[in-house]
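Numbering (my numbering), first residue to last: 81 to 171.
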């Protein structure tokens, strides 16, 4: 059962280049100086759906452009058949 759900754009503290710039990735990975044991992944031009469940914590669903997913290597961690079903050329 979902208690709360909203769609929000992910925002960064500093403006990032738009993902449409040819040589710039649509994401940025960084660490905070005073926060050990964690990295932050900033995604540009991405929408997110945040859902809070009664038990088990929140869910985050990201809607990534296919090129961003490829930049992050997501096509290398699923079978080619699954990637084609999700991101095939006829979509």
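Backbone N, C-alpha and C define an ideal beta-carbon position, used for all residues, glycine too.
Locate the beta strand (DSSP E) running through residue i, then write down its first and last residues.
i, result
"residue 138", "138-143"
"residue 128", "127-133"
"residue 164", "Note, residue 164: premise wrong, no beta strand (DSSP E); alpha helix (DSSP H) at 160-167."
"residue 174", "Any question about residue 174 goes unanswered here, given that the chain covers just 81 to 171."
Leaving out five residues before and five after residue i in sequence, what residues of the same chain have Cβ atoms less than 8 Å from its Cβ?
i, result
"residue 81", "With a pLDDT of 40 at residue 81, under the threshold of 50, the modelled position of this residue cannot be trusted, and the question is left open."
"residue 112", "118, 120"
Got a sec? Which residues, its chain only, sit under 6 Å from residue i by beta carbon, not counting five neighbours each side?
i, result
"residue 142", "126, 128"
"residue 139", "131"
"residue 155", "163"
Between the Cα of residue i and those of the options, spot the shortest distance and give me the residue it belongs to.
i, options, result
"residue 151", "160, 136, 123", "123"
"residue 147", "119, 109, 136, 168", "168"
"residue 106", "159, 161, 153", "153"
Relative to the ligand ATP, is the shortest distance from any of its heavy atoms to the C-beta of residue i smaller than 7 Å?
i, result
"residue 161", "Ligands in the displayed structure: none, and consequently the ligand ATP is not present."
Output the boundary residues of the alpha helix (DSSP H) element that contains residue i.
i, result
"residue 111", "It is not in any alpha helix (DSSP H) - residue 111 carries neither H nor E in the DSSP assignment."
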